[in-house]
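See below for the structure under consideration.
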Amino acid sequence: MKFIGGYAGTGEVEPDDRDPQLYPTVLTGDLKDNDAENSNLPSLPNDPTRSDDSTYVIVSQNNDSSTLLDGFVITAGARSGLNCAGSSLVVVDCVFQHNATAFDGGAVHQETSGVATFTRCTFTENYAKQHGGAIYTQAGITLTDCAFVANEAGMAGAAVYNAGGNTVMTGCTFTRNAATADGAVEHIGGWLTARNCTFTDNSGKDGGAVRLLSGHTEFADCLFENNSASMRGGALFYDGGSSESIHNCIFRGNSAENGGALFGFGRSTIRNCVFENNSAKSGGAASADCHAPNFVHCVFFANRADDGVCVAQNTCSSRSVAWVTITSCILWDSGGVSVAQTSKATATSRVTYSLIQGGSPGEGNIDADPLFAIPGRWDPNGTRDITSDDVWISGDYHLRSQAGRWDPLTKGWVADDVTSPCIDGGDPASSIGLEPFPNGGVINTGIYGGTAESSKSYFGKPVCQTIIPGDINGDCRVDMADLEIMMSHWLEDANPSQNPPHRR
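The numbering used here puts the first residue of the sequence shown at 107, with every later residue one more than the last.
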């Protein structure tokens with residue numbers, strides 16, 4: 107079955123013309139057309155003018171993915187705009203607006219089976235008194251290029267509440283969603299995958315943008331900006347029952363009481379991420395209890411905390427040791443002592459092959475200006491004497507190099523007059539990955555280490571025009587330095603499963 111809206115209809119020159127934005131087809135639960143204008147979302151479930159609205163605008167029961175809902179505006183559902191009972195229907199180019207419920211799932215309520223798919227849909231000003239201002243699902247859901255704007259929840263998950271199953275979000279935006287308890291998205295159980303998503307100006311108590319309580323999650327190439335939490339994790343909060351993989355993400359301008367960008371109890375790996383201009387009373391960028399996060403190839407810049415700590419490590423009273431691990435990272439201009447622990451029991455940090463302003467014990471650590479291409483900064487916005495209207499200008503955290511630095515504006519390589527001490531400063535046991543030649547044979551510190559945009563190694567002379575066989579580090583000669591690099595990786599196998607050991 108296919109239900110398609112957005113046609114011009116009778117009275118138009120071309121009635122078969124279709125444009126859902128120009129010719130909206132409205133499906134409404136306002137059966138008597140008497141709903142009063144009401145911008146106070148929490149009051150909608152008890153609004154007397156809505157008491158005669160339809161319980162659901164659409165009910166999809168036991169439909170498979172051949173069922174299509176395309177090009178409609180769905181509004182004024184008294185319990186949900188769309189109720190999915192065991193359905194895997196496909197929803198495209200629909201707008202869900204001003205649906206409200208005293209229960210769960212203001213716009214969409216997805217029950218225990220079926221995985222509905224939403225593409226290019228917009229969810230605006232929907233409300234749930236309990237969970238899932240826009241979407242509540244117990245079975246998982248697939249969201250692609252969807253926008254969630256100004257939805258609210260009386261408890262948790264102003265935009266999406268996933269109570270089980272696998273949820274995939276790709277290219278979605280979450281803006282100004284607010285929950286009394288916890289953030290725009292809440293996840294409990296199953297898998298949550300978010301790719302190329304943007305979370306901006308969302309708010310809650312724990313996890314202004316996202317709260318993770320259990321299950322497995324992955325965030326890739328996402329932006330978390332200007333989210334806030336009244337307690338912990340301005341952008342992201344995760345509990346001990348969950349495991350997180352976060353990579354190639356930007357955390358900018360988030361704020362909380364504890365853990366400006368993120369706060370966690372569980373195990374997590376945060377790789378190739380930027381934390382800039384986040385703020386908190388403790389842990390300007392991040393804070394963790396019990397199981398500590400593992401930061402690899404991250405940049406922390408201009409984060410602020412009242413206690414002067416960029417990454418704060420706390421421990422549970424029942425645990426003797428909790429490690430925060432920082433490897434091949436840069437912590438600069440983030441307020442005094444950058445890594446510290448406030449301990450209920452015993453807390454310890456492992457910081458290696460990193461640039462730490464003010465210095466830090468640990469193998470391979472240095473304290474020197476990282477020489478970023480363009481550090482982030484505050485712009486006075488034309489009023490130098492007034493700081494309240496200043497605007498943060500995001501930085502470019504590529505490392506300056508006389509041998510060559512990738513310029514994202516020109517999409518090419520440029521040469522600087524200085525070279526960052528972070529080049530070839532990473533963990534020598536790590537693979538250099540996609541670093542371009544000359545790469546020194548050692549991975550760079552910072553967000554671009556091991557990537558194709560990693561700054562090139564400089565040896566005090568022009569880059570050699572001819573690559574000599576055996577010149578591993580790229581200094582235009584084959585010598586003991588190359589042999590040392592080779593021997594440090596002797597007998598390593600990048601694909602052991604594909605190259606089983608020879609049996610005699």
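Idealized CB from N, CA, C, for every residue including glycine. Note that the coordinates shown come from a computational prediction; the quantities given were computed from them, not determined experimentally.
Cβ-based neighbour list, residue i, same chain, cut-off 6 Å, excluding 5 preceding and 5 following
{"i": "N189", "result": "Y162, V165 and H215"}
{"i": "G239", "result": "G212, N232, Y233, N257, E258, A259 and A264"}
{"i": "T228", "result": "V201 and A253"}
{"i": "T218", "result": "Q244 and A245"}
{"i": "D123", "result": "A114"}
{"i": "C303", "result": "M275, C278 and C328"}
{"i": "S374", "result": "E350 and P399"}
{"i": "D153", "result": "N144"}
{"i": "E324", "result": "T299 and S351"}
{"i": "T458", "result": "T433, G468, E469 and G470"}
Beta-carbon contacts of residue i that lie in its chain and below 7 Å, excluding the five residues immediately before and after
{"i": "D496", "result": "W484, D485, P486 and N487"}
{"i": "R301", "result": "T276, A326 and D327"}
{"i": "S186", "result": "Y162, N205, T207, G211, G212, A213, V214 and H215"}
{"i": "G555", "result": "H403, S434, G532 and I549"}
{"i": "V443", "result": "Note that V443 scores 40 on pLDDT, short of 50, meaning its location in the model is unreliable and no value can be drawn from it."}
{"i": "V119", "result": "none"}
{"i": "N272", "result": "G246, G296 and W297"}
Identity of the residue in the options nearest residue i by Cα
{"i": "I356", "options": "C328, E350, S334 and A284", "result": "C328"}
{"i": "S171", "options": "A587, G359 and A222", "result": "A222"}
{"i": "V255", "options": "F305, N268 and T273", "result": "F305"}
{"i": "Y267", "options": "G289, C303 and T279", "result": "G289"}
{"i": "V108", "options": "N144, K138 and L175", "result": "Reading off the sequence, residue 108 comes out as Lys, not Val. Measuring from the Cα of K108, the nearest candidate turns out to be L175."}
{"i": "D199", "options": "P121, M261 and T225", "result": "T225"}
{"i": "L505", "options": "A474, K235 and D585", "result": "A474"}
{"i": "S460", "options": "S507, V405, R410 and S500", "result": "V405"}
{"i": "I499", "options": "G510, G482 and A509", "result": "G482"}
{"i": "L249", "options": "K235, A262 and F280", "result": "F280"}
{"i": "C582", "options": "A509, V520 and G310", "result": "A509"}
{"i": "N169", "options": "V197, T155, C528 and P148", "result": "V197"}
{"i": "I241", "options": "H293, A287 and T286", "result": "H293"}
{"i": "I529", "options": "I573, P476, V457 and N360", "result": "P476"}
{"i": "G552", "options": "L437, G518 and E118", "result": "L437"}
{"i": "N308", "options": "A341, T323 and M337", "result": "A341"}
{"i": "R338", "options": "P514, K311 and G576", "result": "K311"}
{"i": "G576", "options": "L147, P568, V569 and A587", "result": "A587"}
{"i": "D139", "options": "I573, T155 and D522", "result": "T155"}
{"i": "D345", "options": "W297, G359, P121 and R317", "result": "R317"}
{"i": "A521", "options": "P568, T489, I492 and R490", "result": "P568"}
{"i": "P527", "options": "I462, T557 and I492", "result": "I462"}
{"i": "P151", "options": "T572, F209 and I574", "result": "F209"}
{"i": "S336", "options": "E324, N360 and D491", "result": "N360"}
{"i": "P148", "options": "L128, K235 and Q203", "result": "K235"}
Check whether residue i and residue j have beta carbons under 7 Å apart
{"i": "W512", "j": "E559", "result": "yes"}
{"i": "G580", "j": "S561", "result": "no"}
{"i": "V417", "j": "A391", "result": "yes"}
{"i": "G112", "j": "P126", "result": "yes"}
{"i": "A315", "j": "N333", "result": "yes"}
{"i": "A287", "j": "A262", "result": "yes"}
{"i": "S385", "j": "F369", "result": "no"}
{"i": "A367", "j": "F381", "result": "yes"}
{"i": "L137", "j": "S160", "result": "yes"}
{"i": "G501", "j": "I472", "result": "no"}
{"i": "S507", "j": "T525", "result": "yes"}
{"i": "F343", "j": "I376", "result": "no"}
Cβ-Cβ separation, residue j to residue i (assumed contact under 8 Å), whole Å
{"i": "G321", "j": "G295", "result": "5 Å"}
{"i": "T173", "j": "V132", "result": "Contact doesn't hold; Cβ gap of about 20 Å is too wide."}
{"i": "G674", "j": "A245", "result": "Outside the displayed span of the chain (107 to 610) sits residue 674, for which this structure offers no information."}
{"i": "I110", "j": "G177", "result": "6 Å"}
{"i": "Y503", "j": "F478", "result": "5 Å"}
{"i": "E350", "j": "G365", "result": "Contact doesn't hold; Cβ gap of about 14 Å is too wide."}
{"i": "S388", "j": "A408", "result": "About 17 Å; that fails the 8 Å criterion."}
{"i": "N354", "j": "N383", "result": "Between N383 and N354 the Cβ distance is about 19 Å, and since that is not below 8 Å, they are no contact."}
{"i": "A191", "j": "Q167", "result": "4 Å"}
{"i": "R456", "j": "G470", "result": "That belief does not hold up - the Cβ atoms of R456 and G470 are roughly 12 Å apart, past 8 Å."}
{"i": "S440", "j": "P534", "result": "So it is not a contact: roughly 25 Å between Cβ atoms."}
{"i": "V179", "j": "P121", "result": "Incorrect: roughly 19 Å between the Cβ atoms, too far for contact."}
Same chain, Cβ closer than 8 Å to residue i, five either side skipped, listed in chain order
{"i": "T116", "result": "none"}
{"i": "W596", "result": "none"}
Span of the beta strand (DSSP E) around residue i
{"i": "Q216", "result": "V214 to Q216"}
{"i": "M275", "result": "T273 to T276"}
{"i": "W519", "result": "G518 to V520"}
{"i": "K311", "result": "S309 to D312"}
{"i": "Q203", "result": "V201 to Q203"}
{"i": "G370", "result": "L368 to G370"}
{"i": "S320", "result": "V316 to A326"}
{"i": "Y242", "result": "I241 to T243"}
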